[in-house]
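Before any comments, here is the structure.
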């Protein structure tokens, strides 16, 4: 049952020690910064490890023995951390003394006793800005997701329902950018009905509920009772000791199908807005949970896959409008539906993509549902830390399947024009001097057009732009039964080998582990390391290895330089033989070949892609071939 639950996007939570700040400000847990943002989470990615031993139907004596051992362990940890707790509480009280009534508890839908952030940083303290794009069909919950994100950062914030549709039409007709400045808060669910004299695990603040164990091993009835429980539960925010503040820029976009099927035009409009933001860190695609994918939506997703091919590792699916009760293995067919949807979507995208599940009820007061939504949002948003920014102005946008089909017809159309010009219009006699001159000029135009393409390709590949070449990951959970095995350390050897080029950049996230015996790495084509999990700790390690585009395509870059040099020499020779050709014919042919080269390209720069989308030249049936050919013929590159 627990394994099924993991496939739904849940992972076991780790044991955390909590210290009270005051009655209104929530709790602070004793974790290092590295441990805090790298723990196991409701991450929706099928990479979490299962329990190390089965928890099905344990005997009563075994349960009592486990509970006693667990309590002894917690008492041991509490004794060791008493000094740290006292010191931290004293510091927190001194920091909070000047805040007055600002930190009085604010009651919000689904929350109790959640105060304002402790010592929120000013705008000058923002360490990094992340740009996140929201895409998805009409009424899939994009605007609601943005309001949920705002509620995630600031529970006391009033929800603006004017930005949310009525359930039948989309509220977003244009690009909308919402900005939040905050650290990444974490939340916990507590049972406040338990008093300190009822259980050694409970204290004056209540007992933390292990929601993921409830999902994995709890009965359906227990889970349903927890879902519909109306009292005795509190969602509390964990305030980090040293909050790191980020700026999150959320870009809301029109829904698929909002403007008579002009989805490519909407994408171009979105990318133009993003070009002003310099980069993209994450793309969230929203889909309504449990609904079938229509042909139009499937086609739109395929278009997204093509257009954003250079940003595939930044794409994440968010399944919205889900009743969390459907995610328990014993409550309906929700897990099978979700797993089938994930397989289908991964097939469309051509790779495994992260998936998260949230509800879309901003009036929700059921504490367990509120907590699960907050946990999913934390995991989705924290993934931006792993992704280097992608400059929109530096990428190429791959043409969609429909655009490629039209361009194949454009290529045939342009070749017919060339043939008519040289054979029909001038009636050049075979073997004549005129034919020799014309052939020479035709060779000149072809060579110059291909030279421009090679120069363009060189500017694309000969850059310091980072591309992902490998990943290494370990997620190992310290289980309940490790107590009886003295919680020995667990070691795992990770490696990436046979890389296409040397590594230029390594980005890592880790907690609860020690890295030993590192080999290779930067400026090498391999990397090896022994990852050892600390005792009594959940071990997490995730590394991404990047290389510059110039490094990856080094041989191709050198070949292009040689070909460009050769082409320049050939052009000089051809130019000497072609001085007598009419300039009018030259200009006409140059435009035709320019259109031919653009039609043959599989990808376009942002400016050209947007110009074609704004002109609507690809909209309509096969009759748009001449319209596309005319557009490519007359298009003039923007200066600068």
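Numbering (my numbering), first residue to last: 1180 to 1819. We put the CB at the ideal spot given by N, CA and C, even for glycine. Since the model is a prediction, treat every value here as computed from it, not as a measurement.
In this structure, how does DSSP classify residue 1319 when only helix, strand and coil are distinguished?
coil
Counting beta carbon pairs with one atom in the stretch 1557-1577 and one in the stretch 1778-1791, are three or more of them shorter than 8 Å?
yes
Which same chain residues end up closer than 7 Å to residue 1255 when comparing Cβ atoms and leaving out the 5 residues on each side of it in sequence?
Confidence at residue 1255 is low in this model, with a pLDDT of 44, below 50, so its placement is unreliable and no value can be given for it.
Where residue 1556 falls, given that 16 or more other Cβ within 10 Å makes a residue buried
buried
How would you write the range of the beta strand (DSSP E) that residue 1310 sits in, first residue to last?
1307-1314
Take residue 1716 as the anchor and find which of 1670, 1745, 1752 has the nearest alpha-carbon.
1670
6 Å CB neighbourhood of residue 1332 in its chain, flanking five on each side removed
1359, 1361
Inter-residue Cα distance where the pair is residue 1800 and residue 1571:
30 Å
Backbone secondary structure at residue 1424 - three-state DSSP:
coil
C-beta atoms of residue 1797 and residue 1443 nearer than 9 Å:
yes
Three CB pairs or more closer than 8 Å across the stretch 1737-1754 and the stretch 1705-1712:
no
Rounding to the nearest angstrom, what Cα-Cα distance links residue 1635 and residue 1483 in this structure?
24 Å
Can you have a look at residue 1701 and say buried or exposed, based on whether 16 or more other CB atoms are within 10 angstroms of its CB?
exposed
Can a CB atom of chain C be found closer than 9 Å to the CB of residue 1444?
In the structure shown, chain C does not exist; there is a single protein chain.
Anyone know if the C-beta pair for residue 1490 and residue 1527 falls short of 9 Å?
no
With a cut-off of 8 Å, do at least 3 Cβ pairs link the stretch 1556-1567 to the stretch 1512-1532?
no
Among 1424, 1367, 1807, whose alpha-carbon lies nearest the alpha-carbon of residue 1390?
1367
Beta strand (DSSP E) runs wholly inside the stretch 1748-1801, at least 3 long, in chain order
1782-1784
Have a look at residue 1310 and residue 1392 and give me their C-alpha separation to the nearest angstrom.
34 Å
Would residue 1620 and residue 1764 qualify as a contact pair, given that the criterion is a beta-carbon distance under 9 Å?
yes
Compare the beta carbon distance of residue 1728 and residue 1642 with 9 Å and say whether it is the shorter of the two.
yes
Quick one: measure Cβ to Cβ for residue 1412 and residue 1319, integer angstroms, because I've assumed they're closer than 8 Å.
Between residue 1319 and residue 1412 the Cβ distance is about 29 Å, and since that is not below 8 Å, they are no contact.
Status (buried if at least 16 other CB within 10 Å, exposed otherwise) for residue 1479
buried
When DSSP builds the beta bridges, which residues end up paired with residue 1706?
1675, 1699
In the DSSP assignment, what residue or residues form a beta bridge with residue 1416?
1366
Buried versus exposed, by CB contacts within 10 Å (16 or more), residue 1507
buried
Find out if the Cβ-Cβ distance for the pair residue 1425, residue 1308 is shorter than 9 Å.
yes
What three-state label does DSSP hand residue 1809 in the structure shown?
helix
Please identify the residue among 1632, 1637, 1597, 1633 whose C-alpha is closest to the C-alpha of residue 1618.
1597
Going by alpha carbons, who is nearest to residue 1415 out of 1650, 1364, 1422, 1372?
1364
Beta-bridge pairing of residue 1361 - partner residues as DSSP gives them
1425
Is the separation between the beta-carbon of residue 1476 and that of residue 1328 shorter than 9 Å?
no
If you measure between the beta carbons of residue 1312 and residue 1461, is that distance less than 9 Å?
yes
In the structure shown, what three-state DSSP assignment does residue 1635 receive?
helix
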